[in-house]
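To keep things clear, I will list the structure first and then write my remarks on it.
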Amino acid sequence: MEMKEKTVVIIASFDEISFSLRDEAKTWLKVMGASQIDKVAFRDSYVLIGQRGLKQGHAVEFINPMKENEEYAAPLEKKGCFPIPVGPLEDSSKLLGSLKEIKMGSELQNCGLETACEGTTIQVFTGDTDSVMPHVCVGEKIEYIIFSNIKLMEMSLRDSIDMEEFLKGLHEGDIVIAVINDDASKQLKQGAIKEMNSLGSSAIQNLGFRDIWYFIGQKGIKGYSEFEEISFASYDGEWPKQIKKSLCLPRKLRSLKVAPKLGGKRNLEKREFCKLNDGYSEFCDTQRVDDKLEPAPLEDKGTENDEIYKTPILIIPGLDHNALARTLETTLIQPGIKPELVTVAVDEQTPDHGQLATLFKFQNISLASVARYEDKMNSAIEKFFSQTNSKYVIVIEEEIVLTPDFLHFLSQCLPALEADDSLFGVSAFNYNGFETTSGDKTRVNRMEDFPGLAFLLKRSVYELQMKSKMDKCCQQRSWDSWTLKQSGEMLVPDVSRVFRLPYQSASDDDSYLENLFYQPRLTITEYGAKIKNVNSLKSSSYEDELKKEIKASKPFPLKELEKCSSKTETVELPSKGSTFTLYFSDKDKDRKVFRKLCKCFELYSSAGKPLKGLHKNSLRFYYKENTIFLIASTSPYFEIKSEDVAV
Numbered sequence: 001m002e003m004k005e006k007t008v009v010i011i012a013s014f015d016e017i018s019f020s021l022r023d024e025a026k027t028w029l030k031v032m033g034a035s036q037i038d039k040v041a042f043r044d045s046y047v048l049i050g051q052r053g054l055k056q057g058h059a060v061e062f063i064n065p066m067k068e069n070e071e072y073a074a075p076l077e078k079k080g081c082f083p084i085p086v087g088p089l090e091d092s093s094k095l096l097g098s099l100k101e102i103k104m105g106s107e108l109q110n111c112g113l114e115t116a117c118e119g120t121t122i123q124v125f126t127g128d129t130d131s132v133m134p135h136v137c138v139g140e141k142i143e144y145i146i147f148s149n150i151k152l153m154e155m156s157l158r159d160s161i162d163m164e165e166f167l168k169g170l171h172e173g174d175i176v177i178a179v180i181n182d183d184a185s186k187q188l189k190q191g192a193i194k195e196m197n198s199l200g201s202s203a204i205q206n207l208g209f210r211d212i213w214y215f216i217g218q219k220g221i222k223g224y225s226e227f228e229e230i231s232f233a234s235y236d237g238e239w240p241k242q243i244k245k246s247l248c249l250p251r252k253l254r255s256l257k258v259a260p261k262l263g264g265k266r267n268l269e270k271r272e273f274c275k276l277n278d279g280y281s282e283f284c285d286t287q288r289v290d291d292k293l294e295p296a297p298l299e300d301k302g303t304e305n306d307e308i309y310k311t312p313i314l315i316i317p318g319l320d321h322n323a324l325a326r327t328l329e330t331t332l333i334q335p336g337i338k339p340e341l342v343t344v345a346v347d348e349q350t351p352d353h354g355q356l357a358t359l360f361k362f363q364n365i366s367l368a369s370v371a372r373y374e375d376k377m378n379s380a381i382e383k384f385f386s387q388t389n390s391k392y393v394i395v396i397e398e399e400i401v402l403t404p405d406f407l408h409f410l411s412q413c414l415p416a417l418e419a420d421d422s423l424f425g426v427s428a429f430n431y432n433g434f435e436t437t438s439g440d441k442t443r444v445n446r447m448e449d450f451p452g453l454a455f456l457l458k459r460s461v462y463e464l465q466m467k468s469k470m471d472k473c474c475q476q477r478s479w480d481s482w483t484l485k486q487s488g489e490m491l492v493p494d495v496s497r498v499f500r501l502p503y504q505s506a507s508d509d510d511s512y513l514e515n516l517f518y519q520p521r522l523t524i525t526e527y528g529a530k531i532k533n534v535n536s537l538k539s540s541s542y543e544d545e546l547k548k549e550i551k552a553s554k555p556f557p558l559k560e561l562e563k564c565s566s567k568t569e570t571v572e573l574p575s576k577g578s579t580f581t582l583y584f585s586d587k588d589k590d591r592k593v594f595r596k597l598c599k600c601f602e603l604y605s606s607a608g609k610p611l612k613g614l615h616k617n618s619l620r621f622y623y624k625e626n627t628i629f630l631i632a633s634t635s636p637y638f639e640i641k642s643e644d645v646a647v
């Protein structure tokens with residue numbers, strides 16, 4: 001506002017001023033000494049005699065309120081003299097600190113681009129929180145520039161109408177550059193939004209509280225503009241990530257038939273969940289809070305009727321909220337997943353787990369609160385089996401992250417499981433799947449222990465060996481080995497299809513788990529790995545293949561075992577892509593020799609705990625691009641050993 005210091009101002013209202021008087025105008029009146037302007041209501045009469053720099057409250061002011069049942073307020077008529085100065089004066093610049101006007105900044109070479117361009121160089125900056133205001137840099141080659149001083153930060157209805165009228169008055173080919181900082185959503189009316197849409201905006205209608213946005217559009221564009229970006233504020237009102245773009249603007253904007261992807265829309269359901277619940281710092285991170293929660297489509301449509309995509313999934317969470325969110329997220333990204341088949345077991349003391357399951361469109365079952373995870377798991381399995389008639393059930397324990405290949409892997413194993421009664425199920429986790437002892441992504445082995453963690457289980461096994469017996473067979477964590485009455489085996493991949501987060505416990509008794517879960521592991525990360533021995537997983541076929549492979553193998557160079565006690569040397573093999581067999585005598589119940597060999601190759605071995613991954617007293621693993629068999633003298637495969645092979 002162009003007005004000299006100490007200028008005297010006389011204002012008298014006519015009809016209605018409260019509706020269209022903006023906050024900025026009210027601030028100016030207060031700079032002239034007004035103190036009653038905020039009290040002026042609909043069709044009140046108002047008179048002001050003030051002076052620029054007049055201390056607030058010292059202006060001459062009168063208000064005539066409009067009375068009830070009257071169409072207008074009574075007119076105000078005042079006569080007399082007033083002094084000059086009207087009252088005590090101050091430096092008005094101190095009083096105008098809250099006003100934000102458009103100002104010309106310093107020159108910016110090429111508006112931030114390294115070199116000039118054929119079009120017009122432009123830079124848009126949405127500002128930094130409320131400390132740095134937005135700016136727009138416009139280079140040469142534009143005939144004229146109109147800076148609109150519409151104050152969007154505290155936008156009134158009148159501002160929105162003014163902007164609408166301004167946009168309607170544009171001429172064909174006119175280019176509009178718009179930048180929003182802080183909140184412009186409250187009073188942004190449909191008319192103004194519609195006008196921006198006509199200029200090519202695809203996102204202005206998505207603006208919410210404190211979102212920031214920039215847009216460059218053109219009058220007459222027949223589709224969407226490519227120059228637009230929106231950054232959403234966090235669910236707790238924190239400032240969004242700033243936008244700063246330098247670009248080359250053509251005279252005629254390219255028209256897009258399909259709206260560009262601008263980071264999607266707000267995930268309102270997820271935002272509401274994050275507002276109400278603590279402990280989900282990763283899931284509710286401001287950079288991820290608007291991520292869509294959508295099931296991954298099946299890439300191979302020819303397999304959509306496979307049994308695995310009809311199999312119900314039970315997720316049994318622990319206490320870690322972020323870990324549960326990770327499990328649910330990686331479950332949802334399984335190609336072909338059907339959310340209605342996924343159920344989360346919810347402790348009655350953690351209702352937010354049920355809310356989280358609902359957010360993913362998963363089901364949930366409520367369980368009575370228990371102190372031990374083992375008891376929760378047993379209760380969940382029993383309740384889940386009682387509510388489904390499915391031939392198979394997939395169980396996922398706490399703190400598990402699934403790789404995209406999880407369901408695809410299980411699907412390949414199902415035919416063998418269906419055809420072989422000696423198989424109890426399929427595990428996606430190999431206890432010996434460390435970085436140094438696994439690596440064949442195409443291989444599946446039969447193992448006698450029950451790996452657990454993330455597994456597919458036959459209903460027949462549950463009915464015969466676990467139902468009403470969970471307190472006897474399965475009172476330990478699955479990694480401590482469940483003891484089922486009848487013998488059987490599990491199918492286990494050489495390279496795991498799930499990752500188990502490091503186990504944290506304050507108990508010294510759990511120190512052996514560091515050996516199990518803290519050692520670097522190999523986990524497949526891509527989708528679609530094909531299993532080569534899928535047709536030889538039935539017991540008889542598997543045995544034939546195994547014996548054939550052992551017979552054709554090379555003797556393990558025993559001299560290399562001397563390095564087992566070394567802290568600096570590791571076992572080396574003379575070739576790659578070969579199979580080596582190491583026979584050894586081990587009739588001790590404690591399997592001392594077997595354990596020493598496991599430690600030598602850095603396989604799992606812990607005092608007082610059973611060895612993992614055995615098949616008929618033999619252990620197969622992948623080591624430095626070779627396959628190695630450890631065969632104890634108690635194994636039936638020991639008979640394959642040639643007489644000239646040393647033990």
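Here the sequence shown is numbered in full-length UniProt numbering, starting from 1 and rising by one per residue. By construction, the Cβ of each residue, glycine as well, lies at the ideal position given by its N, Cα and C atoms.
Exercise for review: In angstroms with no decimal places, state the Cα-to-Cα distance between E172 and S198.
Suggested key: Start at 1 with the first residue of the sequence shown, and residue 172 comes out as number 172. Start at 1 with the first residue of the sequence shown, and residue 198 comes out as number 198. Taking the straight line from one Cα to the other gives about 12 Å.
Review point. Measuring CA to CA, which of D15, T350, Q412, L29 is closest to E70?
Key: Position 70 of the sequence shown, counted from the start, is the residue given in the question as residue 70. Of D15, T350, Q412, L29, the residue nearest in Cα terms is D15.
Point to revise | Sub-9 Å separation of T121 and L247 beta-carbons | key: Here residue 121 refers to the residue found at position 121 of the sequence shown. Here residue 247 refers to the residue found at position 247 of the sequence shown. A distance below 9 Å separates the beta carbons of T121 and L247.
Check your understanding: Whole-angstrom Cβ separation of A345 and I400, contact assumed at under 8 Å?
Key -> As a working note, residue 345 is residue 345 in the sequence shown. As a working note, residue 400 is residue 400 in the sequence shown. At roughly 14 Å, the Cβ-Cβ gap does not stay under 8 Å, so A345 and I400 are not in contact.
Point to revise | Continuous beta strand (DSSP E) stretch holding M490: start and end | key: The sequence position of residue 490 within the sequence shown is 490, counting from 1. Start and end: 489-493.
Check your understanding: Per DSSP, M447 forms a beta bridge with which residues?
Key -> Reading the sequence shown from its first residue, position 447 is the one you call residue 447. Its beta-bridge partners are M490.
**Study point:** Closest by C-alpha distance to F638, when choosing among D586, P610, E164, E602
**Key:** Counted from its first residue, the sequence shown places residue 638 at position 638. The shortest Cα separation from F638 among D586, P610, E164, E602 belongs to D586.
Practice item. Give me the Cα-Cα distance between E269 and H353, rounded to the nearest whole angstrom. Key: Here residue 269 refers to the residue found at position 269 when the sequence shown is read from its first residue. Here residue 353 refers to the residue found at position 353 when the sequence shown is read from its first residue. About 15 Å.
Practice item. Indicate whether I243 and A296 have their beta-carbon atoms separated by less than 9 Å. Key: The sequence position of residue 243 within the sequence shown is 243, counting from 1. The sequence position of residue 296 within the sequence shown is 296, counting from 1. For I243 and A296, no; Cβs fall outside 9 Å.
Review point. Looking at C-alpha atoms only, which residue of G217, I180, C111 is the closest neighbour of M196?
Key: Position 196 of the sequence shown, counting from 1, holds the residue named residue 196. Among G217, I180, C111, the Cα nearest to that of M196 belongs to G217.
**Study point:** Distance, T343 Cα to A357 Cα
**Key:** Reading the sequence shown from its first residue, position 357 is the one you call residue 357. Reading the sequence shown from its first residue, position 343 is the one you call residue 343. Cα to Cα, A357 sits roughly 8 Å from T343.
Review point. Roughly how many angstroms lie between the CA atoms of F584 and K551, to the nearest whole one?
Key: Walking along the sequence shown from the start, residue 584 turns up at place 584. Walking along the sequence shown from the start, residue 551 turns up at place 551. If you take the alpha carbons of F584 and K551, they lie about 16 Å apart.
**Study point:** Cβ-Cβ separation, F232 to D290 (assumed contact under 8 Å), whole Å
**Key:** The residue labelled residue 290 in the question sits at position 290 within the sequence shown. The residue labelled residue 232 in the question sits at position 232 within the sequence shown. Sure, about 6 Å apart at Cβ, within 8 Å.
Exercise for review: Over the uninterrupted beta strand (DSSP E) stretch that includes S379, give me the two end residues.
Suggested key: Working through the sequence shown from its first residue, we reach residue 379 at position 379. Looking at the DSSP string, S379 is not in any beta strand (DSSP E); the run it does join, the alpha helix (DSSP H), is 373-386.
Exercise for review: Taking I204 as the reference, give the member of G220, K219, E228 with the closest Cα.
Suggested key: Position 204 of the sequence shown, counted from the start, is the residue given in the question as residue 204. A check of alpha carbon separations from I204 across G220, K219, E228 identifies E228 as the nearest.
Exercise for review: Can you tell me which of the three DSSP states Y527 falls into?
Suggested key: The residue labelled residue 527 in the question sits at position 527 within the sequence shown. Coil, per DSSP.
Review point. Beta carbon of Y604, beta carbon of L597: below 9 Å?
Key: Counting from one through the sequence shown, the residue named residue 604 turns up at place 604. Counting from one through the sequence shown, the residue named residue 597 turns up at place 597. Cβ distance not < 9 Å, so Y604 and L597 don't count as in contact.
Point to revise | Extent of the continuous beta strand (DSSP E) run through I396 | key: For the purposes of this step, residue 396 is taken as the residue at position 396 of the sequence shown. Segment 392-396, the beta strand (DSSP E) holding I396.
**Study point:** Whether S92 touches V31 by CB criterion (9 Å)
**Key:** Counted from its first residue, the sequence shown places residue 92 at position 92. Counted from its first residue, the sequence shown places residue 31 at position 31. Yes.
Check your understanding: Roughly how many whole angstroms lie between the Cα atoms of S635 and E549?
Key -> Here residue 635 refers to the residue found at position 635 of the sequence shown. Here residue 549 refers to the residue found at position 549 of the sequence shown. Taking the straight line from one Cα to the other gives about 15 Å.
Check your understanding: Given N617, which residues of its chain have a CB within under 6 Å of its CB, disregarding the five upstream and five downstream residues?
Key -> Residue numbering aside, residue 617 sits at position 617 when the sequence shown is read from its first letter. Only A632, T634, S635 meet the Cβ criterion.
**Study point:** Delimiting residues of the beta strand (DSSP E) encompassing G50
**Key:** As a working mapping, residue 50 is identified with position 50 in the sequence shown. G50 -> beta strand (DSSP E) spans 45-51.
Practice item. Using only the heavy atoms of the ligand ADP, determine whether one of them is closer than 8 Å to the beta carbon of S481. Key: The ligand ADP is not among the ligands present in this structure, which contains no ligands whatsoever.
Review point. In or out: S438 buried (at least 16 other Cβ within 10 Å) or exposed?
Key: Position 438 of the sequence shown, counting from 1, holds the residue named residue 438. It counts as buried.
Exercise for review: Mind checking which residues open and close the beta strand (DSSP E) that includes D420?
Suggested key: The sequence position of residue 420 within the sequence shown is 420, counting from 1. Under the DSSP assignment, D420 falls outside any beta strand (DSSP E); it carries neither an H nor an E label.
Practice item. Starting from the C-beta of V179, find all residues in its chain whose C-beta is less than 7 Å away, skip the five residues before and the five after it, and write them out in chain order. Key: What you label residue 179 is simply residue 179 of the sequence shown in a count that begins at 1. Same-chain partners within the cutoff: V124, T126, P134, V136, Y214.
Practice item. State whether the region 396-415 contacts the region 305-313, with contact taken as three or more CB pairs (one from each stretch) at a distance under 8 Å. Key: Yes, they touch.
**Study point:** Closest residue to Q519 among F434, S606, A34, S642 (Cα-Cα distance)
**Key:** Against the sequence shown, residue 519 aligns to sequence position 519. Residue F434 is the option with its Cα nearest to Q519.
**Study point:** Closest residue to Q56 among C81, F62, L29 (Cα-Cα distance)
**Key:** To locate residue 56, count along the sequence shown from 1; it is residue 56. The residue with the shortest Cα to Cα distance from Q56 is L29.
Exercise for review: In the DSSP assignment, find the alpha helix (DSSP H) that holds E549 and state where it starts and stops.
Suggested key: The residue you call residue 549 lines up with position 549 of the sequence shown. Note, E549: alpha helix (DSSP H), 539-551.
Check your understanding: Where in the region 284-364 do unbroken runs of the beta strand (DSSP E), each at least 3 residues long, occur, reported from the N-terminal end onward?
Key -> Scanning the region 284-364 for uninterrupted beta strand (DSSP E) segments of 3 residues or longer gives 313-315, 342-347, listed from N- to C-terminal end.
Check your understanding: Closest to D644 by CA distance: which of K554, H615, G336, P502 is it?
Key -> Within the sequence shown, the letter at position 644 stands for residue 644. With respect to the C-alpha of D644, the residue from K554, H615, G336, P502 having the closest C-alpha is K554.
Check your understanding: If you run the structure through DSSP and keep just helix, strand and coil, what is G171?
Key -> Indexing the sequence shown from 1 puts residue 171 at position 171. Before going on, a small fix: residue 171 reads as His here, not Gly. Of the three classes helix, strand and coil, the one that applies to H171 here is coil, per DSSP.
**Study point:** Neighbour-count burial assignment, S496, 16 or more Cβ in a 10 Å radius
**Key:** Along the sequence shown, one-based indexing puts residue 496 at 496. Residue environment for S496: buried (at least 16 other C-beta atoms within 10 angstroms of its C-beta).
Review point. What is the DSSP secondary structure of C474, reduced to helix, strand or coil?
Key: Taking the sequence shown and counting its residues from 1, the one referred to as residue 474 is at position 474. C474 falls in the coil class under three-state DSSP.
Exercise for review: State the CB to CB distance for the pair L582 and F629, rounded to an integer number of angstroms; the pair is presumed to be in contact (CB under 8 Å).
Suggested key: Taking the first residue of the sequence shown as position 1, residue 582 is located at position 582. Taking the first residue of the sequence shown as position 1, residue 629 is located at position 629. With a contact defined as Cβ atoms closer than 8 Å, L582 and F629 qualify at about 7 Å.
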